[in-house]
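Asker: Protein chains in written order, with the working numbering: chain Z, 13 to 234; chain S, 919 to 1163. Glycine included, C-beta positions come from ideal geometry on N, C-alpha and C. This structure is a prediction, so every number in the text was calculated from the model and none was measured.
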């Protein structure tokens, strides 16, 4: 069983090891959040079990357009902060085309975090091949802290879902997941995502998920 | 309710406890679906629900702080929580409790990680029986952990009262209302040890020596509560894990 730590738990007395989810005070490393304790040779970190999405540069995210302004869009990215998508970062923008004809309020987009200033003003970009407007498919929302488990080690969990179910899947780091493909398979994929969210802290999850998918597929076909 | 003649008979209190004994405590985590973190606690006859929302964008805009997170704490008593109906809404007492509790939590929440945003802590007293502010702090502390908010440690709160010249831990209503002194504490616990005092209030009179004893008594009680808080938080993960085993 992996060890779950709470804020303020003493993790180490070597400040050089402090990694994510920890803080150092007086040569001691403490946990700052509730999470799973992980130790390697070079660092100690705490993988969060709860909490909101905190944007970082380079993350792929799924956002909902909340406001159209003169030079871009304000996008809700399921975090404490709204993101801004400037026109200049949107390949679809052309002179003479109105902004609300490109994205209007309520539209969902896949984007990447471009920059974050010290006052946590987040700018996102659509200039990447994965980025696009979402006009079909299904968006599933989960706890952002569980996203790493949905992706799996080096994308193993996504690969499993893709190969078993033949659906398109884009996982936003902010906890929104886009699924597209055959309706019945998407329905299974959605159940799978919720299963992973529910059991994110347990071990041997990939095997169980594989078994779950096969069982659900048999129910539908047989 | 009238004043009892004696608070301590044969070394035992009115409800049969020893002077250094806590009331029975029950803690449940994640009781509210819509909240980011929540907790229900029973400390003796106190029944309290805490809900934490955030960090989220701070509105109205003027309360935002460009360099750090803002903490809002609301202590509220339900009209039916006491013997005589309490007029709903904030009053002098609940505003004061909200303020001191908020300041206690500000000391442990890592505010600089979330500039321009706010964390809302709501605690509702459903049934009050002395020491409701300590129950509220204990519940809010668990709810904050449940919400995944970065903190330096955990707050644990307990009160000490003086009745018939004896210090008693975690007073119930009679001891609080007719006792000689009442002293609620909140401790900042880190690494399984009490690091500092985050909240201290008092009414009544105590000597210097009694205050020292009261602190030691409260520390002992706080560690017991801390273990229960930990247990309650951990329980949700163990249970889920066993189902799959």
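Mapping DSSP to helix, strand and coil, what is residue 66 (chain Z)?
Answerer: Here residue 66 (chain Z) corresponds to residue number 54 of the first chain, with the count starting at 1. In the structure shown, residue 66 (chain Z) sits in coil (DSSP, three-state: anything other than H, G, I, E or B).
Asker: Starting from residue 21 (chain Z), find everything on chain A with Cβ-Cβ shorter than 9 Å and list it in chain order.
Answerer: The structure shown contains no chain A; its protein chains are Z and S.
Asker: Going by C-alpha to C-alpha distance, which of Z:168, Z:99 and Z:64 sits closest to residue 92 (chain Z)?
Answerer: Taking the first chain and counting its residues from 1, one reaches residue 92 (chain Z) at position 80. It is Z:64 whose Cα lies nearest to the Cα of residue 92 (chain Z).
Asker: What residues of chain S sit near residue 75 (chain Z), judged by a beta carbon separation below 7 Å?
Answerer: As a working mapping, residue 75 (chain Z) is identified with position 63 in the first chain. Here the premise fails: no neighbours, minimum Cβ distance about 14 Å.
Asker: Less than 8 Å separating the beta-carbons of residue 74 (chain Z) and residue 188 (chain Z)?
Answerer: Residue mapping note: residue 74 (chain Z) aligns to position 62 of the first chain, counting from 1. Residue mapping note: residue 188 (chain Z) aligns to position 176 of the first chain, counting from 1. Closer than 8 Å, so yes.
Asker: Return the first residue and the last residue of the beta strand (DSSP E) that residue 1045 (chain S) is part of.
Answerer: Within the second chain, numbered from 1, the residue matching residue 1045 (chain S) stands at position 127. First-last of the beta strand (DSSP E) with residue 1045 (chain S): 1035-1045.
Asker: Kindly list the residues whose CB is nearer than 7 Å to the CB of residue 205 (chain Z), restricted to its own chain and excluding five residues on each side of it in sequence; keep chain order.
Answerer: To locate residue 205 (chain Z), count along the first chain from 1; it is residue 193. Closer than 7 Å at Cβ, skipping near neighbours: 152, 154, 162 and 189.
Asker: Taking the alpha helix (DSSP H) that residue 54 (chain Z) falls in, what are its first and last residues?
Answerer: As a working mapping, residue 54 (chain Z) is identified with position 42 in the first chain. Element bounds for residue 54 (chain Z): n/a, residue is neither H nor E.
Asker: Grab me the residues of residue 88 (chain Z)'s own chain with a C-beta within less than 7 Å of its C-beta, minus the 5 sequence neighbours each way, in chain order.
Answerer: The residue labelled residue 88 (chain Z) in the question sits at position 76 within the first chain. Here the set comprises 75, 76, 78 and 94.
Asker: So with Cβ pairs under 8 Å, would you call residue 1103 (chain S) a contact of chain Z?
Answerer: Within the second chain, residue 1103 (chain S) is the residue found at index 185, counting from 1. By this cut-off, residue 1103 (chain S) is not an interface position.
Asker: Closer than 8 Å between beta carbons: that is the criterion. Which residues of the segment 951-982 of chain S meet it against chain Z?
Answerer: From the segment 951-982 of chain S, only 954, 955, 972, 973, 974 and 975 have a Cβ closer than 8 Å to chain Z.
Asker: Would you call residue 83 (chain Z) buried or exposed, if buried means 16 or more other Cβ atoms sit within 10 Å of its Cβ?
Answerer: By 1-based counting over the first chain, the position of residue 83 (chain Z) is 71. Its Cβ having fewer than 16 others within 10 Å, residue 83 (chain Z) is exposed.
Asker: Pull the bridge partners of residue 975 (chain S) from the DSSP assignment, please.
Answerer: Translated into the one-based positions of the second chain, residue 975 (chain S) becomes position 57. BP columns for residue 975 (chain S) point to S:1035.
Asker: So, using beta-carbon positions, are residue 1085 (chain S) and residue 1132 (chain S) closer together than 8 Å?
Answerer: For the purposes of this step, residue 1085 (chain S) is identified with residue 167 of the second chain, where counting begins at 1. For the purposes of this step, residue 1132 (chain S) is identified with residue 214 of the second chain, where counting begins at 1. Against a cut-off of 8 Å, the Cβ pair of residue 1132 (chain S) and residue 1085 (chain S) comes out as a contact.
Asker: Run through the DSSP bridge pairs and tell me what residue 168 (chain Z) is partnered with.
Answerer: Position 156 of the first chain, counted from the start, is the residue given in the question as residue 168 (chain Z). DSSP output for residue 168 (chain Z) lists no bridge partner at all.
Asker: When you compare only the Cα positions, how much space is there between residue 1069 (chain S) and residue 20 (chain Z)?
Answerer: On the second chain, position 151 is the one that residue 1069 (chain S) refers to. On the first chain, position 8 is the one that residue 20 (chain Z) refers to. Spanning the two alpha carbons is a distance of roughly 7 Å.
Asker: Output the distance between the C-alpha atoms of residue 1058 (chain S) and residue 141 (chain Z), rounded to the nearest integer angstrom.
Answerer: On the second chain, position 140 is the one that residue 1058 (chain S) refers to. On the first chain, position 129 is the one that residue 141 (chain Z) refers to. Looking at the two C-alpha atoms, the distance is approximately 44 Å.
Asker: Within 8 Å of any Cβ in chain Z, is that where the Cβ of residue 1035 (chain S) sits?
Answerer: Numbered from 1 along the second chain, position 117 holds the residue referred to as residue 1035 (chain S). Taking Cβ atoms only, chain Z reaches closer than 8 Å to residue 1035 (chain S), which makes this a yes.
Asker: For the segment 207-220 of chain Z, enumerate the residues whose C-beta is nearer than 8 Å to any C-beta of chain S, in chain order.
Answerer: The segment 207-220 of chain Z vs chain S, Cβ under 8 Å: 210, 211, 213, 214 and 220.
Asker: On a CA-only basis, which of S:1101, S:1073 and S:949 is nearest residue 1147 (chain S)? Give me that one, please.
Answerer: Counting from 1 along the second chain, the entry for residue 1147 (chain S) is found at position 229. The shortest C-alpha separation from residue 1147 (chain S) is found at S:1073.
Asker: Closer than 8 Å between beta carbons: that is the criterion. Which residues of the segment 1064-1094 of chain S meet it against chain Z?
Answerer: Listed in sequence order: 1064, 1065, 1066, 1067, 1068, 1069, 1070, 1071 and 1072.
Asker: Assign residue 139 (chain Z) to one of two classes, buried (16 or more other C-beta atoms within 10 Å of its C-beta) or exposed (fewer than that).
Answerer: The residue you call residue 139 (chain Z) lines up with position 127 of the first chain. Flag for residue 139 (chain Z) reads exposed.
Asker: Can you tell me whether residue 1036 (chain S) is buried or exposed? The criterion is at least 16 other CB atoms within 10 Å of its CB, across all chains shown.
Answerer: Stepping through the second chain from its first residue, residue 1036 (chain S) is reached at position 118. It counts as buried.
Asker: Quick one: which chain S residues come within Cβ less than 8 Å of residue 93 (chain Z)?
Answerer: Within the first chain, numbered from 1, the residue matching residue 93 (chain Z) stands at position 81. In chain order: 975, 1034 and 1035.
Asker: Leaving aside the five residues before and after residue 1162 (chain S) along the sequence, list all residues of the same chain whose C-beta is less than 6 Å from its C-beta, in chain order.
Answerer: Position 244 of the second chain, counted from the first residue, corresponds to residue 1162 (chain S). Note on residue 1162 (chain S): pLDDT 44, under 50, position unreliable in the model; the coordinate value appears next. Answer for residue 1162 (chain S): no residue qualifies.
Asker: Compare the beta carbon distance of residue 1060 (chain S) and residue 945 (chain S) with 8 Å and say whether it is the shorter of the two.
Answerer: As a first step, residue 1060 (chain S) is located in the second chain; it is residue number 142 there, counting from the start. As a first step, residue 945 (chain S) is located in the second chain; it is residue number 27 there, counting from the start. A contact, by the Cβ cut-off of 8 Å.
Asker: State the Cα-Cα distance for the pair residue 1159 (chain S) and residue 24 (chain Z), rounded to the nearest angstrom.
Answerer: What you label residue 1159 (chain S) is simply residue 241 of the second chain in a count that begins at 1. What you label residue 24 (chain Z) is simply residue 12 of the first chain in a count that begins at 1. Interpretation of residue 1159 (chain S) is limited by its pLDDT of 48, a score under 50 that renders its predicted location unreliable; no figure is taken from the coordinates.
Asker: Sorted by chain position, which residues of the same chain lie with C-beta nearer than 8 Å to residue 1142 (chain S)'s C-beta, five sequence neighbours on each side aside?
Answerer: If you number the second chain from 1, residue 1142 (chain S) lands on position 224. Counting only Cβ-Cβ distances below 8 Å, and skipping sequence neighbours, we find 940.
Asker: Just to confirm, is the Cβ distance from residue 1144 (chain S) to residue 921 (chain S) under 8 Å?
Answerer: Within the second chain, numbered from 1, the residue matching residue 1144 (chain S) stands at position 226. Within the second chain, numbered from 1, the residue matching residue 921 (chain S) stands at position 3. No, the Cβ-Cβ distance between residue 1144 (chain S) and residue 921 (chain S) is not below 8 Å.
Asker: Mind listing which residues of the segment 34-47 of chain Z have their C-beta closer than 9 Å to chain S's C-betas, in chain order?
Answerer: Listed by position, the residues of the segment 34-47 of chain Z near chain S (Cβ gap below 9 Å) are 35, 37, 40, 42, 44, 45, 46 and 47.
Asker: Pairs of beta-carbons, one from the segment 952-964 of chain S and one from the segment 1096-1113 of chain S, closer than 8 Å: are there three or more?
Answerer: No, the segment 952-964 of chain S is not in contact with the segment 1096-1113 of chain S.
Asker: Would you check if the segment 214-228 of chain Z and the segment 168-182 of chain Z touch, i.e. whether three or more CB-CB distances between them fall below 8 Å?
Answerer: Because the criterion of three Cβ pairs below 8 Å is met, the segment 168-182 of chain Z and the segment 214-228 of chain Z touch.
Asker: Fully enclosed by the segment 1037-1114 of chain S, which alpha helix (DSSP H) runs are 4 residues long or longer?
Answerer: Segments of the alpha helix (DSSP H) lying fully in the segment 1037-1114 of chain S: 1050-1064 and 1091-1096.
Asker: Identify every residue that forms a DSSP beta bridge with residue 60 (chain Z).
Answerer: Along the first chain, one-based indexing puts residue 60 (chain Z) at 48. DSSP lists Z:47 as partners of residue 60 (chain Z).
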